[in-house]
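Read the structure below first, then the notes.
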Amino acid sequence: MDLLSQFFNSHFRYRSTPRSKQGAIDDALVSLEEDMIVVRPAASSQVHDSISFQDVVAVNYGDSSLEVTILQIKRKSCTSSAGRQRRDIVFERLDRWDEDLDVVATALLHLSLGDLDVILDGTSKCPTKTRALIIINPASGKGDAMNLYTNIAKPLFDLCQDRFMIEEVVSESTEHTKKVAMDAADKFDAFIFCGGDGLTHDFLQGISKLPDYRDILSRVTLGFLPAGSGNGLACSSAYSSERDLAGDPKGFVSDFCVALRLILRGNTCSLDAARMEILDRETGERKDTLLACLNAGWGLFSDVATD
Numbered sequence: 001m002d003l004l005s006q007f008f009n010s011h012f013r014y015r016s017t018p019r020s021k022q023g024a025i026d027d028a029l030v031s032l033e034e035d036m037i038v039v040r041p042a043a044s045s046q047v048h049d050s051i052s053f054q055d056v057v058a059v060n061y062g063d064s065s066l067e068v069t070i071l072q073i074k075r076k077s078c079t080s081s082a083g084r085q086r087r088d089i090v091f092e093r094l095d096r097w098d099e100d101l102d103v104v105a106t107a108l109l110h111l112s113l114g115d116l117d118v119i120l121d122g123t124s125k126c127p128t129k130t131r132a133l134i135i136i137n138p139a140s141g142k143g144d145a146m147n148l149y150t151n152i153a154k155p156l157f158d159l160c161q162d163r164f165m166i167e168e169v170v171s172e173s174t175e176h177t178k179k180v181a182m183d184a185a186d187k188f189d190a191f192i193f194c195g196g197d198g199l200t201h202d203f204l205q206g207i208s209k210l211p212d213y214r215d216i217l218s219r220v221t222l223g224f225l226p227a228g229s230g231n232g233l234a235c236s237s238a239y240s241s242e243r244d245l246a247g248d249p250k251g252f253v254s255d256f257c258v259a260l261r262l263i264l265r266g267n268t269c270s271l272d273a274a275r276m277e278i279l280d281r282e283t284g285e286r287k288d289t290l291l292a293c294l295n296a297g298w299g300l301f302s303d304v305a306t307d
């Protein structure tokens, strides 16, 4: 905190993209107050911009500047549902800073993530990069999964290369997804699904074929980017993790950037799963196994639905 206080004890040129309502400031004072970064014009005590630590997903640096990337809450309007949207804020010091800016950027990031004290206590291991495999189903939903990943998620993962080692694979079919799961189960710390619930289902069926599937599922983290017809897992994760649903719970929890922020910040919650064995009616021998973590059903569902 002392290093951050020293860095921000100066005058800055402030820029925001998209621009904030009041525009840029060529001479601004920046302070860290409780759980946010506050920007004021040097000649005024009025707050020009406030950036919640909870919205921060990346902090990068230039020669004399810090760039803070956030996914801030977007309220419901006449033209769009609630969710989150990206904003990039640049703080450029007007005077010289001789210390390492990478240390300042790292400190500000982990202060925002809430684990700075853990890192500084000297007893914890240094953070390691999360090895993540992103599985994209281009056929999910309206066919927007690839565009959503390429245009929204990938640029942000690129900004977080200090925390993530990303590999990508495009699902070709149900069987291909199952094979990916079986081949990659012990190679990654996290699996992120850009598609619908069906993509996750196929992946879990592949995992269920492995003899150590219980150990695998207890070790890895799953992330859900909603881009399918059914996005129950992403919505459930957002609902259990977000504090402010922006007055539009249904729209907010299904927003792509809401899910992306949780993944980039490493927010996790527990996920229950059920394992079912399908037996042969005549022999009683096991024919197959299924894993489910959203819902499961059997019986005359189509008949009930039509009647």
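Numbering (full-length UniProt numbering), first residue to last: 1 to 307. Each residue gets a CB set at the ideal place from its N, CA and C atoms; glycine is no exception. Since this is a predicted model, take the numbers as computed values, not measurements.
Take the alpha-carbon of Phe193 and the one of Pro138: they are about 11 Å apart.
Less than 8 Å separates the beta-carbon of Ile89 from that of Ile51. Here the alpha carbons of Asp189 and Arg219 stand approximately 7 Å from one another. Per DSSP, the continuous beta strand (DSSP E) segment holding Thr130 begins and ends at Thr130 to Ile136. Note on Gln161: under 16 other CB atoms within 10 angstroms of its CB, so exposed under the neighbour-count rule.
In the displayed model, Val104 falls within a helix according to three-state DSSP.
Its Cα nearest to that of Thr177, the residue Asp197 stands out among Asp158, Asp197, Met165 and Phe164.
Sequence-distant partners of Val103 (beyond 5 residues in either direction) whose C-beta falls short of 7 Å from its own C-beta, in its chain, are Leu3.
Buried is the label assigned to Ser254, since at least 16 other Cβ atoms lie within 10 Å of its Cβ. Beyond the five residues adjoining it in sequence on each side, Val39 comes within less than 6 Å, by CB distance, of Tyr14, Ala28, Val30, His48 and Asp49 in the same chain, given in chain order. Nearest to Arg93 by alpha-carbon distance, out of Ile136, Thr174, Lys129 and Ala42, is Ala42.
Residues of the same chain with a CB within less than 7 Å of the CB of Phe7, apart from the 5 flanking positions on each side, are Trp97 and Val104 in chain order.
Around Thr17, the same chain offers Asp88 as residues with beta carbons nearer than 6 Å, after the five sequence neighbours per side are excluded. DSSP places Gln85 in the strand class (E or B) of the three-state scheme. Within the same chain, and ignoring the five residues on either side of Thr268 in sequence, the residues whose Cβ sits closer than 7 Å to its Cβ are Thr221.
Counting along the chain, Ile51 sits inside the beta strand (DSSP E) bounded by residues Asp49 to Ser52.
Within the model, the alpha-carbon separation for Ala58 versus Ile70 is close to 7 Å.
If you draw a straight line from the Cα of Glu175 to the Cα of Gly195, it comes to about 16 Å. Taking every protein chain shown into account, the CB of Arg84 has 16 or more other CB atoms within 10 angstroms, so this residue is buried.
Contact annotation, Ala259 with Ser237: C-beta distance approximately 7 Å; criterion of less than 8 Å satisfied.
If you compare the alpha carbons of Asp272, Met276 and Glu277 with that of Leu294, the shortest gap goes to Asp272.
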